[in-house]
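Visitor: Our numbering numbers the first residue of the sequence shown as 16 and each following residue consecutively. This is the structure, below, for whatever I ask next.
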Amino acid sequence: MSIQWELEDVDGVGVLRVSGFLGEQAVHRFEGAVDWVRARCAGPVVLDLTALRGWNGAGEAALVNAAALVGSDRGALAVCGLGERCTPALLACYGLGVIRLFPDLETALAALAAG
């Protein structure tokens, strides 16, 4: 199982949508998507995980690494669509200010637009 991803610019915000299952076999593809976003988006980035069916330990580590990479360039990575799937590692990133968590894409975009 792998992931699919797409990048969209929404009023200067890069929205990276990821679907599928983020497991060990898909980590390299996800890392490539994050590198693509970093190279093409100058503004804030939202990682939309609404369609992501799940992840394993390697996938969780890739999510944390993505937050660190994007955050080093553009401030905290906005993550939406987790629902009840938040993990201790992602909560720790949130607590450290590395990511900002939002229930859905619309809320994330509104928060970023408000500053």
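Heads up, the beta-carbon is just placed ideally off N, CA and C, and yes, glycines get one too.
1. Going by Cα to Cα distance, which pick from Trp-70, Val-94, Leu-22 is closest to Gly-35?
2. Quick check on Asp-63: buried or exposed, where buried means 16 or more other Cβ atoms within 10 Å of its Cβ?
3. Report yes or no: do the segment 42-54 and the segment 105-118 share at least 3 C-beta pairs separated by less than 8 Å?
4. If contacts are defined as beta-carbon pairs under 8 Å, then Leu-31 and Val-60 qualify, I think. What distance do you get, rounded to the angstrom?
5. To the nearest angstrom, how far is it from the Cα of Val-85 to the Cα of Glu-39?
Guide: Answer, in terms of the structure:
1. Measuring from the Cα of Gly-35, the nearest candidate turns out to be Trp-70.
2. Around the beta carbon of Asp-63, 16 or more other beta carbons sit within 10 angstroms, so the residue counts as buried.
3. Result no; under three Cβ-Cβ pairs closer than 8 Å.
4. Yes, Leu-31 and Val-60 are in contact; Cβ-Cβ is about 6 Å, under 8 Å.
5. Looking at the two C-alpha atoms, the distance is approximately 21 Å.
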